[in-house]
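Protein chains in written order, with our numbering: chain R, 3 to 76; chain L, 52 to 339.
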Amino acid sequence: MYYVADVKEKECAKYNCKQCVLFCPEPNTLMYHDSKHVAWVNYGRCKGCAICVYVCSDLLKRNCIEMVMVTAGD
Amino acid sequence: MGLEYVRISPGFEKYMPKDYVDLVQFGPFGKQIDVQQLGQFKELVEEHPMCAGCFMAYFVRIFYASLPNPEDTIVIGTAGCARLALSQAAVPFIYGNYGDTNAVASGLKRALSIRFPDKVKDVVVIAGDGGLIDIGFGMTMHSWFRREKFTTIMVDNEVYGNTGGQESGMSPKGVQLKMAPKGKQFDKINAVELAKTAGCVYVAKLAPTNPKRIAKTVKRAILAARHFGPTFIHAYTSCNIEYSIPTEKVLEDARKREKQDFGFYEWMTDEVKEFFEEIERQKEEVKA
Numbered sequence: 003m004y005y006v007a008d009v010k011e012k013e014c015a016k017y018n019c020k021q022c023v024l025f026c027p028e029p030n031t032l033m034y035h036d037s038k039h040v041a042w043v044n045y046g047r048c049k050g051c052a053i054c055v056y057v058c059s060d061l062l063k064r065n066c067i068e069m070v071m072v073t074a075g076d
Numbered sequence: 052m053g054l055e056y057v058r059i060s061p062g063f064e065k066y067m068p069k070d071y072v073d074l075v076q077f078g079p080f081g082k083q084i085d086v087q088q089l090g091q092f093k094e095l096v097e098e099h100p101m102c103a104g105c106f107m108a109y110f111v112r113i114f115y116a117s118l119p120n121p122e123d124t125i126v127i128g129t130a131g132c133a134r135l136a137l138s139q140a141a142v143p144f145i146y147g148n149y150g151d152t153n154a155v156a157s158g159l160k161r162a163l164s165i166r167f168p169d170k171v172k173d174v175v176v177i178a179g180d181g182g183l184i185d186i187g188f189g190m191t192m193h194s195w196f197r198r199e200k201f202t203t204i205m206v207d208n209e210v211y212g213n214t215g216g217q218e219s220g221m222s223p224k225g226v227q228l229k230m231a232p233k234g235k236q237f238d239k240i241n242a243v244e245l246a247k248t249a250g251c252v253y254v255a256k257l258a259p260t261n262p263k264r265i266a267k268t269v270k271r272a273i274l275a276a277r278h279f280g281p282t283f284i285h286a287y288t289s290c291n292i293e294y295s296i297p298t299e300k301v302l303e304d305a306r307k308r309e310k311q312d313f314g315f316y317e318w319m320t321d322e323v324k325e326f327f328e329e330i331e332r333q334k335e336e337v338k339a
């Protein structure tokens with residue numbers, strides 16, 4: 003059981019912003035979908051630092067990312 | 052080293068690891084990518100064992116996304132946190148002994164300019180505050196005195212993070228660390244002024260709060276090193292473990308430190324300034 007970031011796709015699609023992707027410290031983890039214009043998380047690589055949540059909720063006041071609990075194998 | 056080494060020989064695609072195939076197809080080799088495209092291409096640096104929320108890892112990620120010629124670059128690192136991520140990238144990496152990174156880089160850069168006289172090969176040193184300003188101080192300074200043409204980047208976490216939290220020359224005065232219980236007695240070393248005095252032609256100091264600016268600074272430092280002489284970037288990359296910063300507050304801390312003592316600072320000699328102005332002018336002419 004560990005925390006990973008999860009993007010709320012519907013919320014995220016409202017904005018054409020990529021700030022969380024630009025501030026994730028992990029490579030190839032928080033990715034951006036070219037055609038849907040949403041960020042998406044590669045759960046297997048996310049270390050759960052929640053910097054993206056800080057960027058989205060505290061800096062931009064958009065609340066499109068939340069931390070969710072997953073179990074290995076999800 | 053060179054694009055021909057990156058490509059997979061025909062017929063071998065299905066035997067190569069998927070990450071490598073992705074890198075050749077969607078990676079930045081041979082393309083001029085912008086740091087704003089992050090998340091839309093396969094990055095050079097792979098999964099690494101650095102701590103969650105580490106801003107040194109973040110700096111390394113942006114650094115690899117902003118290399119002007121990743122296929123013609125060699126990165127040199129040393130003991131310390133940064134090498135954990137640097138060694139996981141698709142760019143040749145040399146592990147110098149503790150403190151001798153700049154000496155190794157000097158030799159390497161000279162050898163490369165003899166072996167490939169018609170090509171540009173970039174050499175970049177990324178090491179921590181311990182590797183460059185404490186233990187490697189002599190060799191760092193002498194490489195600058197000799198005006199060796201390569202870039203030195205100091206990822207300054209203000210502590211020896213790997214060995215349990217001893218104070219380094221770059222720790223701020225008065226800070227109490229796990230292995231410095233009395234608090235540090237001396238001031239933080241002014242590395243930027245040292246670099247200017249020692250003969251660097253381009254010196255910058257930044258906190259990683261703006262990826263576009265990091266990319267611009269790294270590109271400028273590498274371009275200036277190709278033509279003029281040594282360049283130096285001092286980057287604040289907090290250690291969230293030793294300084295007990297909650298991971299989600301790491302960016303907040305970087306923004307706070309940027310306001311205090313890590314405001315963006317850039318200094319260059321007049322000839323370097325002219326060189327960049329010329330490049331900007333050419334870019335605008337292409338646009339128009």
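Positions of the beta carbon are idealized from the N, C-alpha and C atoms, including for glycine.
Annotated three-state conformation of L62 (chain R) is coil, per DSSP. DSSP places T202 (chain L) within a strand segment (E or B) once states are collapsed to three. Taken through DSSP and simplified to helix, strand or coil, Q217 (chain L) comes out as strand. G128 (chain L): member of the beta strand (DSSP E) spanning 124 to 128, first to last residue. Here Y17 (chain R) has R64 as same chain residues with Cβ atoms under 7 angstroms from its own Cβ, once five neighbours each way along the sequence are excluded.
The three-state secondary structure of V57 (chain L), taken from DSSP, is helix. As far as DSSP is concerned, A246 (chain L) takes part in no beta bridge.
V301 (chain L): member of the alpha helix (DSSP H) spanning 301 to 311, first to last residue.
Shown here, K170 (chain L) sits in coil according to DSSP, grouped into three states, outside any helix or strand.
Inclusion of A275 (chain L) and M221 (chain L) in the CB contact set at 8 angstroms is not warranted, their separation being larger than that value. DSSP places M33 (chain R) in the strand class (E or B) of the three-state scheme. With respect to the 8 angstroms criterion, V323 (chain L) and V252 (chain L) are classified as neighbours on the basis of their beta carbons. DSSP links M69 (chain R) through a beta bridge to R:A7. Under the 8 angstroms Cβ criterion, the region 86 to 97 of chain L counts as touching the region 138 to 158 of chain L, having at least three qualifying pairs.
Proximity to F326 (chain L) across L:S194, L:K247, L:H278 peaks at L:H278, based on C-alpha coordinates. Per DSSP, the beta-bridge partners of K256 (chain L) are L:H285, L:Y316. Around the beta-carbon of L54 (chain L), fewer than 16 other beta-carbon atoms lie within 10 Å, marking it exposed.
Not one beta carbon of chain R lies nearer than 8 angstroms to the beta carbon of E309 (chain L). Assigned with DSSP and collapsed to three states, G46 (chain R) falls in coil, not helix or strand.
Of the residues L:I113, L:V155, L:P121, the one whose Cα lies closest to the Cα of T129 (chain L) is L:V155.
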